[in-house]
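Heads up, the thing below is written out as structure tokens.
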Amino acid sequence: MKMNKWTVGLAAAGVVSLASTAQAEENSVLTALSSTVISGSVEASYVGSLSGGNRLYNDDGFVANGASLAIGSPLGEGDYSAGYNVELLLGDRADVFGGGDDGLHIKNANIGLNLPFGNGVDLTVGLFDTIVGYEVEASGANPNVNRSYGYGLEPLTHTGVLASTSLTDSVNVSFGLANAFDSTGDANASIDGTGNFAYLVGLEVTVPESLGFLSGSTVYIGYASGADAGADSDDDNKLLYVGASMPSPIEGVSLGVAYDDLESPDAADQDALALYAVWDISDGVSLAGRYDTLDDGSDTKSMWSATLGYSVWDNVLTRLEYNYETGDRDNGDSTGFALNLYYQF
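Following our numbering, the numbering of the sequence shown begins with 1375 at its first residue and continues without gaps.
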């Protein structure tokens, strides 16, 4: 155990014992490690196109999608607790998410802090995931393998500070300041000019138990406004997201809806709508359907997705998906399929 010079000096003067100090420092390290959580995923697929002219997937064949690795310590229950989160993407997942070509991307690097004000305020400082959107980078956490059109409109990560708190048992709010509308390409790049920030606002409402089968449903409204990194502060992108998740009267069936509206300074306004339905057929078997449509200002296209998920091996989600895209003015209709394996640890 390495000790600092001050500790060694106190030991020489007989004020402290080296053995007791070493034990205390070791216990401190073990306590910190005991709260550390290591998790991640590995993903591989086989993809194919069933159409000729417009291929939904560029190349038929096997795909090593890549992996993720996260190390963190969640916030504790007490006042002034702290935690951290670091998440890396590896392989093709890193390049697709970050737009690079080196197979490595830092997706998250942030510190969590609790402030005992009101009902408690949780701060996230550093690089964190966006507060808007129904779907996320980890495909295993989404109803379908292929992402929706709305996911492509949204920012992915932000560098800044995010404050979250509960107003009541059923109402949560968040507010954040970030360097730019999207920090995925360059985590530390900011809007031109001094004191220019992107703004993030989120509101989540949970339906109370008194509303029967709708009990536990959530409605979320998120808004992100800010210029791109390096752009003038007047050239703001503005994205409004509205989403909801709810059970249905049919046992085992849950529903979802997501709407994105993006206003950009140098492009036509775009909006996307997605409808979701997931049926948990039995333990380890599910069927998910999604219909989503995109209006990019010059064209409107839609996609139908059907995904059969099943768990045969421990920690492995296996999914077979069929996609049909229609209305693409330039390329025409297309169909494709994917067999996806997602291992989570």
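Here a beta-carbon is modelled for each residue, glycine too, at the ideal position from N, C-alpha and C.
Element boundaries [alpha helix (DSSP H), containing residue i]
{"i": "ALA1618", "result": "Premise fails: ALA1618 lies in the beta strand (DSSP E), 1610 to 1621, not in any alpha helix (DSSP H)."}
{"i": "ASP1469", "result": "1466 to 1472"}
{"i": "TYR1431", "result": "Per DSSP, TYR1431 belongs to no alpha helix (DSSP H) and is neither H nor E."}
{"i": "LEU1527", "result": "1523 to 1527"}
Under 7 Å between C-beta atoms of residue i and residue j
{"i": "LEU1501", "j": "THR1533", "result": "yes"}
{"i": "GLY1422", "j": "ASP1434", "result": "yes"}
{"i": "GLY1440", "j": "GLY1465", "result": "yes"}
{"i": "SER1425", "j": "SER1708", "result": "yes"}
{"i": "ARG1664", "j": "SER1676", "result": "no"}
{"i": "SER1628", "j": "VAL1652", "result": "yes"}
{"i": "THR1681", "j": "ALA1662", "result": "yes"}
{"i": "GLY1626", "j": "SER1619", "result": "no"}
{"i": "GLY1658", "j": "TYR1696", "result": "no"}
{"i": "GLY1514", "j": "TYR1650", "result": "no"}
Nearest residue (CA-CA) to residue i, options the options
{"i": "PHE1436", "options": "ALA1712, GLN1718, PHE1719", "result": "ALA1712"}
{"i": "SER1413", "options": "VAL1470, SER1425, LEU1487, SER1442", "result": "SER1442"}
{"i": "VAL1547", "options": "PHE1555, ALA1554, SER1538", "result": "SER1538"}
{"i": "VAL1495", "options": "GLY1514, TYR1508, SER1540", "result": "SER1540"}
{"i": "THR1580", "options": "PRO1623, GLY1569, ASP1608, SER1544", "result": "SER1544"}
{"i": "ALA1561", "options": "LEU1715, ASP1602, GLU1699", "result": "ASP1602"}
{"i": "LEU1530", "options": "ASP1673, PRO1448, PHE1555, GLY1514", "result": "PHE1555"}
{"i": "PHE1571", "options": "GLU1699, LEU1668, SER1557, PRO1582", "result": "SER1557"}
{"i": "VAL1411", "options": "LEU1449, ALA1438, TYR1431, ARG1467", "result": "LEU1449"}
{"i": "ASP1666", "options": "LEU1487, TYR1508, SER1447, PRO1490", "result": "TYR1508"}
{"i": "TYR1454", "options": "ASP1469, ALA1468, LEU1489", "result": "LEU1489"}
Residue interval of the beta strand (DSSP E) (run including residue i)
{"i": "TYR1594", "result": "1592 to 1601"}
{"i": "LEU1489", "result": "1478 to 1489"}
{"i": "GLU1511", "result": "Looking at the DSSP string, GLU1511 is not in any beta strand (DSSP E), and its letter there is neither H nor E."}
{"i": "TRP1678", "result": "1674 to 1684"}
{"i": "TRP1687", "result": "Segment: none, TRP1687 is in no beta strand (DSSP E) and carries neither H nor E."}
{"i": "ALA1572", "result": "1572 to 1580"}
{"i": "SER1409", "result": "That residue, SER1409, is in no beta strand (DSSP E); it is neither H nor E in DSSP."}
C-alpha distance - residue i paired with residue j, whole-angstrom precision
{"i": "PRO1621", "j": "GLU1511", "result": "24 Å"}
{"i": "ILE1505", "j": "GLY1600", "result": "14 Å"}
{"i": "PHE1719", "j": "ILE1445", "result": "12 Å"}
{"i": "GLY1550", "j": "GLU1578", "result": "15 Å"}
{"i": "GLU1451", "j": "VAL1535", "result": "21 Å"}
{"i": "VAL1690", "j": "ALA1646", "result": "31 Å"}
{"i": "SER1408", "j": "SER1415", "result": "21 Å"}
{"i": "PRO1582", "j": "SER1589", "result": "5 Å"}
{"i": "GLY1701", "j": "THR1674", "result": "6 Å"}
{"i": "LEU1497", "j": "GLY1710", "result": "42 Å"}
{"i": "ARG1467", "j": "ASN1516", "result": "15 Å"}
{"i": "VAL1686", "j": "ILE1624", "result": "26 Å"}
{"i": "SER1638", "j": "ASN1611", "result": "5 Å"}
Below-7 Å beta-carbon distance, residue i vs any chain D residue
{"i": "GLY1604", "result": "Given the protein chain composition of this structure (a single chain), no chain D is represented."}
contact_flag[the region 1474 to 1483, the region 1454 to 1463] where n(CB pairs < 8 Å) is 3 or more: yes
Check whether the region 1510 to 1527 touches the region 1561 to 1575, counting contact only when three or more Cβ pairs, one atom from each stretch, lie closer than 8 Å. no
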